[in-house]
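As you go down the protein sequences, you meet chains A and B in turn. Counting in the numbering used here, the first sequence runs from 1 upward without gaps. Counting in the numbering used here, the second sequence runs from 1 upward without gaps.
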Amino acid sequence: METKRNTTKLLLWLLMFFSDTVPLSYEKSMRERAIELMQDARLIDGHNDFVLRLRIFYQNRLRRVNLRELNKTHTNLAKLQAGYVGAQFWSVYVLCSAQNKDAVRLTLEQIDIVKRMCNSYEELELVTTSQGISDSRRIACLIGIEGGHSIDSSLATLRMYYDLGVRYMTLTHSCNTPWSESSSKGIHNFYPSVTGLTAFGQEVVKEMNRLGMLIDLSHTSYSTAKAALNISKAPVIFSHSSASSICNHSRNVPDDILQQLKKNKGIIMVTFNADVLACGRKVVNVSNLADHFDHIKKIAGSESIGIGGDYDGVEHFPEGLEDVSKYPSLIEELLRRGWNETELKGVLRENFLRVFREVENVRNISGLMDVDESEIPQEEVQNSCRLDLRNHRLQAARSFGFPSVAQPLVGNWRVTEGWRSCIQVQATRQCCRCFFIIWGLLFAACS
Amino acid sequence: METKRNTTKLLLWLLMFFSDTVPLSYEKSMRERAIELMQDARLIDGHNDFVLRLRIFYQNRLRRVNLRELNKTHTNLAKLQAGYVGAQFWSVYVLCSAQNKDAVRLTLEQIDIVKRMCNSYEELELVTTSQGISDSRRIACLIGIEGGHSIDSSLATLRMYYDLGVRYMTLTHSCNTPWSESSSKGIHNFYPSVTGLTAFGQEVVKEMNRLGMLIDLSHTSYSTAKAALNISKAPVIFSHSSASSICNHSRNVPDDILQQLKKNKGIIMVTFNADVLACGRKVVNVSNLADHFDHIKKIAGSESIGIGGDYDGVEQFAFVLS
Chain A
1 METKRNTTKL LLWLLMFFSD TVPLSYEKSM RERAIELMQD ARLIDGHNDF VLRLRIFYQN
61 RLRRVNLREL NKTHTNLAKL QAGYVGAQFW SVYVLCSAQN KDAVRLTLEQ IDIVKRMCNS
121 YEELELVTTS QGISDSRRIA CLIGIEGGHS IDSSLATLRM YYDLGVRYMT LTHSCNTPWS
181 ESSSKGIHNF YPSVTGLTAF GQEVVKEMNR LGMLIDLSHT SYSTAKAALN ISKAPVIFSH
241 SSASSICNHS RNVPDDILQQ LKKNKGIIMV TFNADVLACG RKVVNVSNLA DHFDHIKKIA
301 GSESIGIGGD YDGVEHFPEG LEDVSKYPSL IEELLRRGWN ETELKGVLRE NFLRVFREVE
361 NVRNISGLMD VDESEIPQEE VQNSCRLDLR NHRLQAARSF GFPSVAQPLV GNWRVTEGWR
421 SCIQVQATRQ CCRCFFIIWG LLFAACS
Chain B
1 METKRNTTKL LLWLLMFFSD TVPLSYEKSM RERAIELMQD ARLIDGHNDF VLRLRIFYQN
61 RLRRVNLREL NKTHTNLAKL QAGYVGAQFW SVYVLCSAQN KDAVRLTLEQ IDIVKRMCNS
121 YEELELVTTS QGISDSRRIA CLIGIEGGHS IDSSLATLRM YYDLGVRYMT LTHSCNTPWS
181 ESSSKGIHNF YPSVTGLTAF GQEVVKEMNR LGMLIDLSHT SYSTAKAALN ISKAPVIFSH
241 SSASSICNHS RNVPDDILQQ LKKNKGIIMV TFNADVLACG RKVVNVSNLA DHFDHIKKIA
301 GSESIGIGGD YDGVEQFAFV LS
């Protein structure tokens with residue numbers, strides 16, 4: 001009897017001892033559970049700026065780089081696979097400084113590189129529909145425009161981007177457009193009197209509904225987001241934003257908008273940018289990120305949540321989430337906090353697919369609606385890099401022997417909002433072209 | 001016997017009389033032959049600027065206009081059908097003055113209106129392949145960019161235009177680009193030191209070959225045309241030009257280039273602009289136009305010839321054809 005009791009005691013003591021040093025099978029299976037979940041429901045990530053890095057580091061020359069193993073960036077194909085990413089929205093962001101210059105051309109160049117990238121690697125394939133994402137056995141590539149300055153106030157340009165495969169547009173980046181207000185103040189000086197959405201901005205939102213292009217409200221101001229949520233007939237998204245209640249950063253979304261988003265049946269794709277997660281706290285980890293998920297679930301329900309990492313778009317990420325291979329760590333943490341598999345599959349992909357399908361549905365229903373032929377009023381947008389067709393003698397310019405009315409090579413040009421003058425000399429310097437000066441992502445600008 | 005001879009004389013006299021006033025069945029059948037031919041082989045026209053007129057007159061607002069009956073322009077749908085046009089390249093020209101400004105955006109807007117126009121009318125349908133043209137029972141719409149300034153010196157932009165359905169690009173309009181020289185001198189002051197094709201211009205031509213976009217040499221200078229013909233691995237076109245030998249206008253094509261075009265197996269789509277047909281002659285008619293066809297057939301063979309009217313792109317047409 002005595003020996004048996006001693007043996008039992010000994011075994012219990014050993015068990016207690018080892019439970020501190022050897023992970024319990026319970027914890028190990030959290031990681032395994034996360035991975036099994038993600039194998040089954042690969043992530044649809046709402047926002048990645050890798051393509052901007054390709055421009056900065058390689059001038060869009062894909063031949064110079066092996067996208068599988070690239071180690072200068074948060075993103076490469078091997079890491080995406082390790083992170084169980086099933087679909088990625090590639091941002092075709094162009095600098096705000098290119099607004100009223102050559103933002104359109106630069107955007108086309110970014111779209112071009114996404115297409116070339118996704119055609120060049122068998123791990124990738126370009127898709128443009130919710131069905132395309134569901135069916136894909138590879139990493140599905142989608143295209144998102146980041147900033148309304150890319151359309152240069154032209155609905156026709158918006159339509160052409162849609163034809164090229166673009167499936168969302170973030171209404172603003174960190175600058176106002178002539179028709180929409182950004183949440184960023186003081187970074188740029190474009191159109192400072194614009195608040196929310198102008199009349200033309202409302203036309204943009206309606207046309208996006210008609211086309212079936214997702215409306216992305218990340219980076220937009222409170223007024224813009226409210227206005228868009230009021231007007232839009234389709235669910236909207238925040239491709240990469242987090243919760244204001246946890247960290248009151250201008251990039252985050254306050255509770256009342258989250259509630260409106262729930263009614264809208266839209267989605268907030270929570271972002272990993274450490275600066276917006278923990279408001280300046282020095283150490284940021286996956287737990288800080290998970291706090292945002294918990295909060296938004298409480299306010300808007302887990303069905304309103306997705307993931308938009310913003311990898312390669314910002315510098316600081318939480319510990320343990322340094323690159324695109326680390327997504328499982330987030331899922332693991334959420335499992336630990338009691339999120340169930342249905343909720344997590346929703347976060348990973350099902351919620352986004354629901355939103356995208358409904359946006360496509362609105363397009364299908366709109367089929368007979370007339371194309372929006374609105375133009376932005378000239379006085380809201382005229383600038384020196386825009387040909388003023390009202391005052392141009394079109395007939396004269398077309399006939400032979402008539403001298404051109406416009407002489408663009410001569411004279412001073414005040415390019416944007418009183419920034420700087422630009423004098424053209426011998427046609428070698430083009431005022432309307434963004435000369436991309438790289439000092440670091442935050443400080444990149446046009447000259 | 002006498003009566004019979006008199007009757008015959010009378011009949012012969014009546015025949016002679018009427019032959020002056022009543023068209024012989026021989027002449028009537030030329031017109032009929034032409035129509036039968038065109039019903040069977042509807043025209044593919046290389047260049048029409050109607051879409052520019054839509055911008056000028058209607059600010060691209062299709063809702064303001066009925067394209068079937070519009071009478072401000074050379075072109076409307078009823079007239080296209082009456083002319084047996086089976087396929088039309090719509091030019092998405094934007095002014096040279098927009099070079100280095102917003103030419104790209106303006107080009108996208110013109111492409112947008114072609115697409116909207118061709119989706120809105122059942123007489124029209126957008127196509128992007130030769131097979132599409134062959135198969136079409138409607139008027140097939142194709143898109144041509146007029147002037148390299150539309151790509152803003154960006155091959156990526158060229159590729160995106162191709163993805164949007166553009167199937168030819170005229171390398172220049174009446175202005176030089178940073179990489180190609182126009183035949184027009186003194187109209188614009190862009191890049192005056194560029195001659196022919198620069199190194200980048202050669203890359204443009206090669207990329208157009210790779211993409212399958214037709215290279216259009218109308219409006220280009222002699223050097224540009226020669227350079228393009230030397231580099232291109234595919235046949236090239238002149239979408240709307242005529243023969244220098246008949247009228248020595250900078251917009252026309254000299255005989256040596258026509259010979260090179262023949263070797264290239266390309267095509268010159270003869271244009272109807274009266275100013276380039278008859279070098280300032282006051283009265284220009286279909287015969288002047290036909291002289292160009294005859295001459296080019298002699299130099300380069302009829303297989304090198306097509307038609308590119310340039311309707312709604314210029315004002316003066318031969319009076320029979322306007």
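Positions of the beta carbon are idealized from the N, C-alpha and C atoms, including for glycine. Owing to the predicted nature of the structure, the values given are computational and were not obtained by experimental measurement.
- DSSP lists no beta-bridge partner residue for Thr73 (chain B).
- As computed with DSSP, Phe238 (chain B) is found in a beta bridge with B:Ile268.
- Under the 7 Å criterion on CB atoms, Val104 (chain B) is classed as interfacial with respect to chain A.
- In the three-state reduction of the DSSP assignment, Arg167 (chain A) falls in the strand class, which pools E and B.
- Every beta strand (DSSP E) of 3 residues or more that sits fully in the stretch 241-315 of chain B is shown, in chain order, as 267-270, 305-307.
- For Arg138 (chain B), the closest Cβ of chain A is not nearer than 7 Å.
- In this structure, the CA atom of Leu70 (chain B) is about 47 Å from the CA atom of Ser120 (chain A).
- For Asn66 (chain A), DSSP assigns no beta-bridge partner whatsoever.
- Under the Cβ criterion (8 Å, minimum of three pairs), the stretch 206-217 of chain B does not count as touching the stretch 242-249 of chain B.
- Gly320 (chain A) and Lys115 (chain A) have their alpha carbons spaced roughly 31 Å apart.
- Lys72 (chain A) has its alpha-carbon roughly 40 Å from the corresponding atom of Lys206 (chain A).
- Counting along the chain, the unbroken alpha helix (DSSP H) around Asp135 (chain B) starts and ends at 130-135.
- For Ala199 (chain A), not one C-beta of chain B is nearer than 7 Å to its own C-beta.
- By the CB criterion at 7 Å, Arg105 (chain A) and Ser154 (chain B) fall inside the cutoff.
- The C-beta of Ala98 (chain A) comes no closer than 7 Å to any C-beta of chain B.
- Legend: CB atoms of the stretch 118-138 of chain B lying less than 7 Å from CB atoms of chain A are not found in any residue.
- Chain B has no Cβ within less than 7 Å of the Cβ of Val166 (chain A).
- Interface with chain A (7 Å Cβ-Cβ cutoff): Leu217 (chain B) is excluded.
- Its chain contains Leu62 as the residues whose beta carbon lies nearer than 8 Å to that of Arg116 (chain B), once the 5 sequence neighbours on both sides are disregarded; these appear in chain order.
- For Lys101 (chain B), the nearest CB of chain A lies under 7 Å from its own CB, placing it at the interface with that chain.
- Ranked by how close their Cα comes to the Cα of Val127 (chain B), the residues B:Ser184, B:Ser193, B:Val314, B:Leu164 have B:Leu164 in first place.
- Look at Arg42 (chain A) here: in three-state DSSP terms it is coil, with no helix or strand label.
- Per DSSP, the continuous alpha helix (DSSP H) segment holding Phe50 (chain B) begins and ends at 50-58.
- Look at the stretch 149-212 of chain B and you find these whole runs of alpha helix (DSSP H), each 4 residues long or longer: 155-163, 199-211.
- Each of B:Glu207, B:Arg138, B:Arg251 was checked against the Cα of Ser174 (chain B), and the nearest Cα belongs to B:Arg251.
- Between Asp275 (chain A) and His316 (chain A), the alpha-carbon positions lie close to 7 Å from each other.
- In this structure, the CA atom of Ser120 (chain B) is about 42 Å from the CA atom of Ala300 (chain A).
- Residue nearest to His74 (chain A) within the set A:Lys326, A:Val92, A:Leu353 is A:Lys326 (criterion: CA-CA distance).
- Under the 7 Å criterion on CB atoms, Arg281 (chain B) is classed as non-interfacial with respect to chain A.
- Spatial neighbours of Ile133 (chain A) in its own chain (CB-CB distance under 7 Å, excluding positions within 5 residues in sequence) are listed in chain order as Ile44, Ala87, Val127, Ala140, Leu353.
- Cβ-Cβ separation between Asn48 (chain A) and Trp90 (chain A): approximately 6 Å, consistent with a contact (criterion under 8 Å).
- Exposed is the label assigned to Arg337 (chain A), since fewer than 16 other Cβ atoms lie within 10 Å of its Cβ.
- Taking the Cβ atoms as the reference, Ile268 (chain A) lies roughly 6 Å from Ile305 (chain A), within the contact range of under 8 Å.
- At a cut-off of 7 Å between beta-carbon atoms, Leu164 (chain B) makes contact with chain A.
- Listed as beta-bridge partners of Cys141 (chain A) by DSSP are A:Gln88, A:Leu126.
- For Met117 (chain B), the enclosing alpha helix (DSSP H) begins and ends at 103-120.
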